[in-house]
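>
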Amino acid sequence: MKLLKLIVLGASGPYPGSDDLPSILVVYGRNTLLLDAGEGVQHRIKKSGYSVAKVRIVLISHLHGDHVLGLLPLLQSRSLGGCRDKIYIIGPPGIREFIEDNLRILKFEPLYDIIINEVLSQELVIDNVRIYSFPVKHVLPTLAYVVNIDSIKLTYVTDTRPLSVFPDAAARPDVLIHDSTFAFDMKDKAEEYGHSTSVDAAEAARNLGAKLLLLYHISPRYKERSQLLYEARRFFSNAYIAEQYMKVVIIKRSARL
Ligand SMILES: [Zn+2]
Ligand SMILES: [Zn+2]
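Under this note's numbering, think of the first position of the sequence shown as 881, with each following residue one higher.
(1) By DSSP's criteria, residue 1010 is part of a beta bridge. Which residues make up the other side?
(2) Taking the straight line between their C-alpha atoms, what separation do you get for residue 959 and residue 1023?
(3) Where does residue 890 sit, in a helix, a strand or coil, going by DSSP?
(4) Quick one: is residue 973 buried, meaning 16 or more other Cβ sit within 10 Å of its Cβ, or exposed?
(5) Return yes when the Cβ of residue 961 is within less than 9 Å of the Cβ of residue 933, no when it is not.
(6) Output the residue ranges of the beta strand (DSSP E) runs that lie fully inside the region 1045 to 1078 and measure 3 residues or longer, sorted by chain position.
(7) Within the present structure, is the beta-carbon of residue 1100 separated from the nearest heavy atom of ligand 1 by less than 8 Å?
(8) Applying the 10 Å Cβ sphere with the 16-neighbour rule, what's the burial state of residue 902?
(9) Going by the C-beta, is residue 1077 closer than 8 Å to any heavy atom of ligand 2?
(10) DSSP three-state call for residue 953: helix, strand or coil?
(11) Below 9 Å between beta carbons: does that hold for residue 1106 and residue 1080?
(12) With ligand 2 as the reference, list in chain order each residue whose Cβ lies under 5 Å from any of its heavy atoms.
(13) Verify whether the separation of the beta carbon atoms of residue 937 and residue 1009 is less than 9 Å.
(14) So for residue 1102, helix, strand or coil by DSSP?
(15) Going straight from the alpha carbon of residue 1069 to that of residue 1041, what length do you get?
(16) Decide if the region 1114 to 1133 is in contact with the region 1083 to 1091; the criterion is three or more beta carbon pairs, one per stretch, under 8 Å apart.
(17) Excluding the five sequence neighbours on either side, which residues of its own chain have a C-beta within less than 8 Å of the C-beta of residue 1087, listed in chain order?
(18) Do residue 952 and residue 979 count as a contact pair if the criterion is CB distance below 9 Å?
(19) Out of curiosity, what's the CA-to-CA distance linking residue 884 and residue 1101?
(20) Please indicate yes or no: does the CB of residue 1058 lie closer than 8 Å to some heavy atom of ligand 1?
(21) On a CA-only basis, which of 970, 912, 965 is nearest residue 1001? Give me that one, please.
(22) Classify residue 1128: buried if its beta carbon has 16 or more other beta carbons within 10 angstroms, exposed otherwise.
(23) By the three-class DSSP mapping on this structure, what secondary structure does residue 992 have?
(24) Nearest to residue 1027 by CA position, among 946, 921, 949, 941, is which residue?
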């Protein structure tokens, strides 16, 4: 039996003083993988009952603060805690400079190796995790990721205009996590800011043949998020709002001969 857990650590678009910035923890075996690292992510990992020392892989979608400013404190805590296990950080061009310049300015030498990969459209394999990245359409270079662990597939598409074409690798995910910053009546704002609506997210889920859709990166203007959910479900019934600390457990039976 294959089992994977997703824990939503944050799912809102940015707002001042937010404690709900985008990050998702993927728990596989004894290790974890982090999709984006918004400010305060290390505290939310701890609150979820997990350790920063077990974060093995970090995938950064782009270099907007709401996706990356939690990374340095996480790296520092990992070292202060005595962790010596290497960490893999994958992101768009610029992620290396962001990490290396900050380490140098802070005179911070971690106890462990940091392996940084700057990617565009690429496939990487780390242990039993196969990762495929591809560019999306935001206001600065941004990547989506497909994560395959055992036979479970996650497709992570945030901070983007709706895509008319997806690479084959992204198709038929067990879970699609998709930008849903605005409701449909604010589609002009979505276009202006390089984001998607709940309807765009649902259409992506349908086009990709996703099994489950999580509406993600929701604008803090929506105190009541049911409008986004109802809109999405008109096009894709198995849609849910990604709420902070929500857990999704994916279980697959092993193939029998
Ligand atoms: Zn964002
Ligand atoms: Zn952004």
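The beta-carbon is built from N, C-alpha and C at its ideal position, and this holds for glycine as well. This one's a predicted model, so the numbers in the text were calculated from it and none came from an experiment.
On the basis of the supplied data:
(1) 1005, 1028
(2) 28 Å
(3) strand
(4) exposed
(5) Taking C-beta atoms as the reference points, residue 933 and residue 961 count as a pair closer than 9 Å.
(6) You should have 1055 to 1059.
(7) no
(8) buried
(9) no
(10) helix
(11) no
(12) 944, 1039
(13) yes
(14) coil
(15) 11 Å
(16) Counting Cβ pairs under 8 Å, three or more are found: they touch.
(17) 1046
(18) For residue 979 and residue 952, yes; Cβs fall inside 9 Å.
(19) 32 Å
(20) no
(21) 970
(22) buried
(23) coil
(24) 941
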